[in-house]
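Residue numbers (the UniProt record's numbering): 1 to 486.
Where a beta carbon is used, it is the ideal one built from N, C-alpha and C, also for glycine.
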Ligand SMILES: Cc1cc2nc3c(=O)[nH]c(=O)nc-3n(C[C@H](O)[C@H](O)[C@H](O)COP(=O)(O)OP(=O)(O)OC[C@H]3O[C@@H](n4cnc5c(N)ncnc54)[C@H](O)[C@@H]3O)c2cc1C
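Following this line, the structure appears as structure tokens:
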């Protein structure tokens with residue numbers, strides 16, 4: 001599929017690739033000549049800092065086969081798999097555009113780094129199973145010659161999900177699906193729970209499910225940096241700038257049912273450079289929308305959702321930033337090192353953080369309680385009023401906890417069904433999605449990147465069939481119903 005797109009759009013671009021990597025429109029050969037000319041000028045004007053030739057090495061290339069919008073874990077994972085699955089080394093040029101290389105507001109680095117197998121949709125279980133395998137063998141996947149191995153600080157620990165009487169039957173069904181997919185999960189009665197974790201108050205708990213393998217938490221920053229390092233070694237280009245516009249061409253066609261639709265193809269991405277009012281156009285064949293919490297805005301830039309309501313053209317990408325708090329507390333009487341990540345039926349969760357009786361956790365607000373996503377300030381009253389009472393009810397030792405710090409981050413929240421969106425847009429035919437995973441995008445990124453790259457290169461999913469996560473479901477009103485959303 002990529003090859004077909006390339007033939008359509010980038011015939012000229014490919015013909016010159018043998019010369020070397022494009023940067024700022026110049027080839028490596030050309031860079032050599034430029035540096036010779038610079039030296040000559042410096043010898044004519046000794047001691048002069050003035051240079052008539054601007055350094056363009058920070059600019060994006062004039063063209064790239066693939067432009068990935070967003071350099072968080074999902075964007076980088078797609079880039080990784082595109083390079084890994086390319087048929088011939090160097091065949092595909094990939095550019096990652098990220099507006100903030102400090103990642104100050106990116107979900108990836110503000111997440112709590114958890115991975116679990118306990119989902120109700122088989123696709124979600126499969127995604128997390130592959131991701132667990134990827135993380136376990138991280139130094140095979142992301143090794144870079146002469147660089148030290150990565151240490152993800154992986155902390156193996158099961159998730160302990162608690163169900164009330166009302167949720168017990170669903171939990172049983174979920175565990176059956178998880179086991180069918182190959183996850184190792186056990187069910188526990190309140191008595192078994194009390195015996196294994198005596199610090200838990202089992203009041204109101206009818207059933208618990210506990211992960212026995214492939215669950216725990218790790219350092220998201222380390223995974224992100226490991227991916228970046230590997231991508232650089234694979235020849236992926238990075239550019240700090242903001243994608244502000246797409247230039248597309250349109251064609252009209254009639255569907256089998258007689259409906260008129262407009263197909264769009266993006267052929268240029270405008271990147272506004274950091275600290276500048278200028279933009280750089282980048283010609284491209286394919287675009288990946290991996291802009292996390294902001295991917296709804298990127299879709300809109302491409303004209304998605306701007307048509308009449310009730311049509312495919314008028315169907316928005318329903319992904320928006322939703323603020324989530326994480327509180328860190330100390331409690332000398334709290335559960336010991338055997339404490340798993342506990343998810344209460346009330347929605348509150350916690351886990352250990354380090355070895356010194358520190359814990360982190362929170363609770364997602366209800367729809368009515370949703371905080372203003374305009375900033376990342378923390379609401380400490382939310383902890384006092386909503387989180388602490390639930391924690392202390394489940395773990396009485398937490399009556400004495402003391403909050404030490406807190407932060408907030410954005411869920412890349414899919415308001416339709418809180419599941420990921422992958423694959424191409426039906427009408428903007430060369431925009432692909434890897435977004436909307438709400439609270440589970442970090443752990444699924446390794447597998448999602450592979451699935452999206454397969455779709456881009458081969459035109460279909462090859463390893464995990466993620467059809468339920470395609471964009472079309474928003475138009476058809478078919479929710480990918482996941483019961484285990486934290
Ligand atoms: C508090 C919290 C806890 C979480 N806990 C977990 C967990 O335990 N396990 C789990 O699996 N997931 C968890 N998540 C969810 C997970 O972090 C996200 O699903 C995942 O990181 C999304 O990755 P991403 O690459 O799509 O987004 P991001 O990491 O946000 O990356 C998107 C990037 O796009 C860039 N961008 C946006 N617009 C533009 C533009 N116009 N031009 C250029 N760049 C642009 C942004 O700067 C950003 O860096 C948590 C999230 C939060 C907030």
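Minimum C-alpha distance to residue i - residue among the options
{"i": "residue 433", "options": "442, 421, 222", "result": "421"}
{"i": "residue 374", "options": "321, 426, 138", "result": "321"}
{"i": "residue 169", "options": "248, 205, 275", "result": "205"}
{"i": "residue 296", "options": "431, 120, 87, 258", "result": "431"}
{"i": "residue 453", "options": "58, 75, 61, 59", "result": "75"}
{"i": "residue 398", "options": "350, 130, 193", "result": "350"}
{"i": "residue 225", "options": "244, 324, 71, 317", "result": "71"}
{"i": "residue 97", "options": "281, 425, 241", "result": "241"}
{"i": "residue 147", "options": "230, 208, 178", "result": "230"}
{"i": "residue 455", "options": "288, 173, 484", "result": "288"}
{"i": "residue 464", "options": "478, 477, 446", "result": "446"}
{"i": "residue 286", "options": "102, 429, 474", "result": "429"}
{"i": "residue 457", "options": "61, 68, 83", "result": "83"}
{"i": "residue 419", "options": "382, 468, 449", "result": "468"}
{"i": "residue 73", "options": "257, 108, 377, 485", "result": "108"}
{"i": "residue 274", "options": "255, 100, 220", "result": "100"}
{"i": "residue 142", "options": "179, 88, 77", "result": "77"}
{"i": "residue 209", "options": "160, 305, 58, 339", "result": "160"}
{"i": "residue 272", "options": "239, 391, 131", "result": "239"}
{"i": "residue 415", "options": "338, 87, 304, 367", "result": "367"}
{"i": "residue 233", "options": "79, 311, 264", "result": "79"}
{"i": "residue 268", "options": "283, 124, 279, 355", "result": "283"}
Element boundaries [beta strand (DSSP E), containing residue i]
{"i": "residue 234", "result": "Note, residue 234: premise wrong, no beta strand (DSSP E); not H, not E."}
{"i": "residue 390", "result": "Per DSSP, residue 390 belongs to no beta strand (DSSP E); it is in the alpha helix (DSSP H), 388–394."}
{"i": "residue 324", "result": "319–330"}
{"i": "residue 144", "result": "Careful: residue 144 lies outside any beta strand (DSSP E) and carries neither H nor E."}
{"i": "residue 422", "result": "421–424"}
{"i": "residue 187", "result": "185–188"}
Bridge-paired residues (DSSP) for residue i
{"i": "residue 276", "result": "The partner list for residue 276 (beta bridge, DSSP) is empty, contrary to what the question assumes."}
{"i": "residue 349", "result": "343, 362"}
{"i": "residue 93", "result": "Residue 93 is not bridged to any residue."}
{"i": "residue 196", "result": "BP columns for residue 196 are empty, so no partner."}
{"i": "residue 287", "result": "67, 431"}
{"i": "residue 397", "result": "Its beta-bridge partners do not exist; DSSP assigns none."}
{"i": "residue 245", "result": "270"}
{"i": "residue 369", "result": "DSSP output for residue 369 lists no bridge partner at all."}
{"i": "residue 261", "result": "253"}
{"i": "residue 160", "result": "210, 342"}
Residue i, enclosing alpha helix (DSSP H) - first and last residue
{"i": "residue 176", "result": "165–180"}
{"i": "residue 130", "result": "122–136"}
{"i": "residue 78", "result": "73–85"}
{"i": "residue 301", "result": "295–301"}
{"i": "residue 409", "result": "Element bounds for residue 409: not the alpha helix (DSSP H) but the beta strand (DSSP E), 402–414."}
{"i": "residue 207", "result": "Here residue 207 belongs to no alpha helix (DSSP H); instead the beta strand (DSSP E) covers 207–211."}
{"i": "residue 107", "result": "107–110"}
{"i": "residue 473", "result": "472–476"}
Any chain B beta carbon closer than 9 Å to residue i
{"i": "residue 396", "result": "Note that chain B does not occur in the displayed structure, where there is just one protein chain."}
(request) May I have a chain-ordered list of the alpha helix (DSSP H) segments no shorter than 4 residues that lie completely inside the segment 433–463? (result) 441–458
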